[in-house]
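Heads up: the protein sequence lines correspond to chains V and A, in order. In terms of numbering that gives the first Met the number 0, the first sequence opens at residue 0 and continues consecutively. In terms of numbering that gives the first Met the number 0, the second sequence opens at residue 0 and continues consecutively. Since the structure comes first, as structure tokens, the remarks are kept for the end.
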Amino acid sequence: MLIDWFTVISQIINFLILIFLLKRFLYRPILKAIDAREERITNELQAAELQKSEAAKNEKKYQDLLNSLEANKTELITKAEEEVALKKTKWLEDARKTYQDRKDRLMESLHQEEHEFHIDLKRKFHQEIFGLVRKTLMDLADESLEESLSHIFLKKCKSLSPDELEKMRKALKENTSSIDIITTYPLGEPLKKDLTDFIALTFDQAPPIRFIHRKEELPGIKLIAGGYKLEWTIAEYLDKMQADLEAAGTTATTLVGEKEER
Amino acid sequence: MHISPDLSVFWQQGWIKINATMVWTWVLMIALVVLSKMITRRLVTHDHPDRWQVGVEIIVLGILDQLKEIGLPSPRKYLGFIGSLFIFVAFASLCTVFPLYEPPTSSLSTTAALAICVFLAVPYFTVAKRGWIAYLKTYLEPTPIMLPFNLIGELSRTLAMAIRLFGNMMSGSMILAILLAITPLVFPIIMSLLGLLTGIVQAYIISILATVFIAAALCSASSEHHKKSDHG
């Protein structure tokens, strides 16, 4: 008999014990480890899935942002260019205005200076000429220029036409508190008396006479009675001489230019 | 040369005895438990387990996959029984590479014991899952006339299983012994390798058959259960 029933029973018991032992020492720990790993992997996958969806969401967000930026790019650039052009124009305009203002001020100041210089020059020139003429007259004819000038002025007053005298009277009536006689040199007493007598004889109720000595005036003598003015100066001669000199200067400049061109 | 290791009796007191089958079974059991303990002592859950852990995980998951493929819905319940059956038979065959070793599976008593375990496991799992009535009704399917044939089928398949495993394991050992006696040294090595393959195949066959029997019983009890619920 190949089957020994005691062995069979003992083998059944052995096998059942083996099942228990393997369950205890092999399957349970192994399955536990596998489950733990699977759970960990599942969790990691879920986390990865979550991160992936988050990343996809972010990607979409940034893509949208990028698209919107791309769409508005042209508009933004155009706007910026317009702004830049506007600012450029404004700044240029401001700069130009500032430049023009400064230039105007400078030119004005230059003109002013030029004008003042001319006046000063003219005055000095007049004085020089007057001095020269006086000296010449004194040296050559032993005669005072101021005295001669005053006599001639008195003569001129006495020989005034009735119309002129009428004008003078009218002006005196309208508005005047005094008759001013202005000279660039001090008048002598005899001349002052002659002039006072002339006015007293010519006008009834003549206002008081004021003799004024002003160095800065043009060499000569002036009589101002209200709106009426009678003067005897060298201004006319000097102006003519200046005009002649200027004409001569212009001609000389033209000739030089023509010569250079040749 | 014994046909069965049952015949090598080391100790006997009346009908109680200790023979080579039992001793080798204990040796295998101790070896398996020690090996299991050694492997599972350093189990890790991170991504880089050692090769022993990976090997055992492959075996366990492979068994679970097979159970699932055959039709057992929750394979972890049956892993203890069917997995142990496979591991025991396979390990008993693999140990034939050691000299002087006699596989306990080459004893008809062991194979009969395993077949009886399968024979008892079928009603155990079916009753646990579907109840006694559903299980007993499977013997009356498709008609009550089939009851004796079902009973004969049940017994014969248990017998067939015991004989099949015994025959294969015993023949392997026998062939090896005969070849060692009559041929040069090289040829038995090839036969020994073939014996290893046969042993693994037999382990696979016996565990698959046990799975199929359990799955079939569960399935037929389940269909009976469904039919009853439909009529109800």
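Cβ atoms here follow ideal geometry from the backbone N, Cα and C, with glycine treated the same way. All values derive from a computational prediction rather than experimental measurement.
Neighbour flag for residue i against chain V, beta carbons, 8 Å
i, result
"Ser206 of chain A", "no"
"Leu164 of chain A", "no"
"Val59 of chain A", "yes"
"Asp5 of chain A", "yes"
"Val26 of chain A", "no"
"Cys94 of chain A", "no"
"Ser73 of chain A", "no"
"Ser35 of chain A", "yes"
"Ser155 of chain A", "no"
"Gly79 of chain A", "yes"
Spatial distance of residue i from residue j (CA atoms)
i, j, result
"Gly231 of chain A", "Gly152 of chain A", "Because Gly231 of chain A carries a pLDDT of 39, less than 50, the predicted location of this residue cannot be relied on, and the following value inherits that uncertainty. Looking at the two C-alpha atoms, the distance is approximately 31 Å."
"Val59 of chain A", "Tyr61 of chain V", "48 Å"
"Ile306 of chain A", "Lys51 of chain V", "Residue 306 of chain A cannot be examined here, being either before or after the span of chain A that is shown, 0 to 231."
"Ile62 of chain A", "Glu58 of chain V", "45 Å"
"Pro185 of chain V", "Glu145 of chain V", "9 Å"
"Leu179 of chain A", "Gly171 of chain A", "12 Å"
"Ser234 of chain A", "Ala54 of chain V", "Absent from the model: residue 234 of chain A. The displayed extent of chain A is 0 to 231, so no value can be given."
"Arg266 of chain V", "Gln111 of chain V", "Residue 266 of chain V is absent from the structure shown; chain V starts at 0 and stops at 261."
"Leu6 of chain A", "Asp49 of chain A", "42 Å"
"Lys154 of chain V", "Ile118 of chain V", "31 Å"
"Arg95 of chain V", "Thr252 of chain V", "36 Å"
"Asp138 of chain V", "Gly130 of chain V", "12 Å"
"Ala47 of chain V", "Met169 of chain A", "55 Å"
"Phe24 of chain V", "Val32 of chain A", "7 Å"
"Glu163 of chain V", "Arg209 of chain V", "21 Å"
"Trp51 of chain A", "Leu193 of chain A", "25 Å"
"His125 of chain V", "Met106 of chain V", "28 Å"
"Gly187 of chain V", "Ser143 of chain V", "12 Å"
Any C-beta of chain A under 8 Å from that of residue i
i, result
"Thr41 of chain V", "no"
"Asn71 of chain V", "no"
"Gln10 of chain V", "yes"
"Leu64 of chain V", "no"
"Leu30 of chain V", "yes"
"Lys51 of chain V", "no"
"Leu17 of chain V", "yes"
"Leu44 of chain V", "no"
"Ala47 of chain V", "no"
"Lys22 of chain V", "yes"
Selected residue, minimal CA-CA separation from residue i, among the options
i, options, result
"Val211 of chain A", "A:Phe124, A:Val43, A:Gln12", "A:Phe124"
"Lys279 of chain V", "V:Thr135, V:Ser176, V:Phe129, V:Leu194", "Here chain V has residues from 0 to 261 only, and residue 279 of chain V is not among them."
"Leu229 of chain V", "V:Tyr236, V:Glu235, V:Leu237, V:Ile220", "V:Ile220"
"Phe80 of chain A", "A:Ile213, A:Thr142, A:Pro102, A:Leu158", "A:Ile213"
"Cys94 of chain A", "A:Thr24, A:Ile17, A:Ser170, A:Cys218", "A:Thr24"
"Trp131 of chain A", "A:Ala220, A:Val33, A:Gln12", "A:Ala220"
"Tyr138 of chain A", "A:Ala111, A:Gly198, A:Ala216, A:Leu175", "A:Ala216"
"Gln10 of chain V", "A:Val88, A:Tyr134, A:Ile174, A:Thr142", "A:Val88"
"Ser176 of chain V", "V:Phe129, V:Arg133, V:Gly225, V:Ala199", "V:Gly225"
"Arg241 of chain A", "V:Leu190, V:Ala32, V:Thr97", "Here chain A covers residues 0 to 231 and nothing more, so residue 241 of chain A does not appear."
"Leu175 of chain A", "A:Ala159, A:Ile199, A:Leu150, A:Tyr100", "A:Tyr100"
"Gln201 of chain A", "A:Phe97, A:Met173, A:Cys116, A:Arg163", "A:Arg163"
"Ser149 of chain V", "V:Ile181, V:Gln126, V:Glu173, V:His125", "V:Ile181"
"Tyr26 of chain V", "A:Gly82, A:Ser92, A:Val22", "A:Gly82"
"Leu325 of chain V", "A:Ser35, A:Val8, A:Gly13", "Residue 325 of chain V lies beyond the range of chain V shown here (0 to 261); nothing can be said about it."
"Ala91 of chain A", "A:Val26, A:Ile17, A:Lys76", "A:Val26"
"Cys116 of chain A", "A:Ala161, A:Pro102, A:Ile204, A:Leu42", "A:Ala161"
Beta-bridge pairing of residue i - partner residues as DSSP gives them
i, result
"Phe233 of chain A", "Residue 233 of chain A falls outside the range modelled here, since chain A spans only 0 to 231, and no answer is possible."
"Lys16 of chain A", "A:Gln11"
"Lys221 of chain V", "V:Ile181, V:Glu230"
"Phe263 of chain V", "The structure shown does not extend to residue 263 of chain V, since chain V is modelled only from 0 to 261, so the question has no answer here."
For residue j and residue i, believed in contact at Cβ under 8 Å, the rounded distance
i, j, result
"Pro206 of chain V", "Leu171 of chain V", "7 Å"
"Ile12 of chain V", "Met28 of chain A", "Not really, about 11 Å apart at Cβ, beyond 8 Å."
"Thr197 of chain A", "Thr109 of chain A", "Rounded, the Cβ-Cβ distance is 16 Å, inconsistent with contact."
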